[in-house]
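Residue numbers (my numbering): 8 to 386.
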């Protein structure tokens, strides 16, 4: 079954009660049992819910995995992965990553004795130099947030396998429409399903997908024991989002390319970060492991500072100034004061997240309108 068909049918069955084409919203916390332990596969909705189960099956299908897990947020999903570890373990992480992930690692799990190394992974060989006997996990974002750095998943996977280390990949920016990390050797794929998976800015959710049964069993135990699950209403909305993921992503990519090209030739733009440019670092890797280059773009204007960046964002009319990304509507953000504010200024500027940086999540509106909006805002 090809991807465009999987988004609609993958892992799905018609509801056995009445043949509903869309899985119903099972808005229930508990289920009747004929005898203690005698039930129809569901006993309590923190553990299992039919609507959430249908969504988890869809997650597994579109990422070419065997097991999917849905959580109350992307950070809840990441939290579950780190709970696979124990005090004294070490994690090698991308240094250019979502601020919330950095905050979770440094402000929560470091206090429990887990050590994190934040490094640039554009050169995969660099990762090997940080491996110790205590290294248990490599955490990768690619493309990274917000600098769009590209990391060679296959090369990192070879290093992780050689050293018996888990590899987890945050695939939020690319989505399985563009990139399938499990096929490239990753052990765990994570999504903030709030973003492109949901696609309509109307839910908050996280996802994990794996192939290995033992890893899945451990994660299911953590999911149930910790209880950070999503509800049936959000599960239904995410399932609806998945069914149009392929057509939305196609337009995100088309619009993203047009806007990246426009910004690149704008006389007031200093630098545009988009992996589709031939001169973008690791462009050839992006070309080999992604099917297109996505709708996320960051840029800096010439001579720009904090005030001028904020002025541009505030002048936008169609692009909405807001957190998040991946919805049908175009969004603009200021990473230094929004999504990455939890990272110390000195650390974020080392990766290029300066006060002048603007990040765009290009939506599926008419691209001529989006370009006109940028033109009037930049001047």
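In this text, a Cβ means the ideal position worked out from N, Cα and C, and glycines have one as well.
Three-state secondary structure assigned by DSSP to residue i
i	result
residue 116	helix
residue 220	helix
residue 187	coil
residue 91	coil
residue 53	coil
residue 376	helix
residue 290	helix
residue 81	helix
residue 210	coil
residue 75	strand
residue 256	helix
residue 7	Lying before the first or after the last residue shown, residue 7 is absent from the chain, which here runs from 8 to 386.
residue 387	Shown here, the chain extends from 8 to 386; a query on residue 387 therefore has no answer.
residue 297	coil
residue 46	coil
residue 97	strand
residue 320	helix
residue 390	Any property of residue 390 remains undetermined from this structure, which presents the chain solely from 8 to 386.
residue 248	helix
residue 346	coil
residue 268	helix
residue 195	strand
residue 305	strand
residue 177	strand
residue 368	strand
residue 124	strand
residue 67	helix
residue 333	coil
residue 17	coil
residue 62	helix
residue 363	coil
Length of the line joining the Cα atoms of residue i and residue j
i	j	result
residue 201	residue 174	22 Å
residue 93	residue 349	25 Å
residue 153	residue 288	14 Å
residue 86	residue 111	8 Å
residue 376	residue 336	12 Å
residue 356	residue 35	47 Å
residue 27	residue 21	6 Å
residue 329	residue 55	33 Å
residue 381	residue 155	20 Å
residue 322	residue 218	46 Å
residue 15	residue 9	11 Å
residue 184	residue 42	44 Å
residue 327	residue 373	15 Å
residue 352	residue 283	28 Å
residue 186	residue 197	12 Å
residue 279	residue 221	42 Å
residue 276	residue 360	16 Å
residue 131	residue 190	18 Å
residue 47	residue 162	44 Å
residue 408	residue 182	It is not possible to answer for residue 408, since the shown part of the chain is limited to 8 through 386.
residue 142	residue 52	35 Å
residue 65	residue 30	11 Å
residue 81	residue 145	17 Å
residue 100	residue 37	39 Å
residue 332	residue 90	27 Å
residue 172	residue 135	11 Å
residue 102	residue 129	10 Å
residue 40	residue 50	8 Å
residue 19	residue 32	14 Å
Heavy atom of the ligand NAD within 6 Å of residue i beta-carbon
i	result
residue 43	The ligand NAD is absent from the structure shown, which contains no ligands of any kind.
Rounded Cβ spacing between residue i and residue j (contact assumed at less than 8 Å)
i	j	result
residue 317	residue 341	6 Å
residue 98	residue 69	About 27 Å separates the two Cβ atoms, so there is no contact after all.
residue 164	residue 192	3 Å
residue 363	residue 307	5 Å
residue 159	residue 378	32 Å between Cβ atoms; not a contact.
residue 88	residue 166	No, residue 88 and residue 166 are not in contact; Cβ-Cβ is about 18 Å, not under 8 Å.
residue 123	residue 150	Actually they are not in contact, since the Cβ atoms of residue 123 and residue 150 sit about 21 Å apart, beyond 8 Å.
residue 242	residue 62	4 Å
residue 109	residue 148	No, residue 109 and residue 148 are not in contact; Cβ-Cβ is about 11 Å, not under 8 Å.
Cutoff 7 Å: residue i Cβ touching any chain D Cβ
i	result
residue 88	Annotation note: the requested chain D is absent from the structure, which comprises a single protein chain.
Can at least three beta-carbon pairs, one atom from the stretch 69-79 and one from the stretch 222-237, be found at a separation below 8 Å?
yes
3 or more residues per run - each beta strand (DSSP E) lying fully within the stretch 126-165
142-148
At a cut of 8 Å, does the stretch 251-271 reach the stretch 225-235 through at least three beta carbon pairs?
no
Can you confirm whether the stretch 203-214 touches the stretch 243-252 when touching is taken to mean that 3 or more C-beta pairs between the two stretches lie within less than 8 Å?
yes
Are three or more beta carbon pairs between the stretch 303-313 and the stretch 353-369 nearer than 8 Å?
yes
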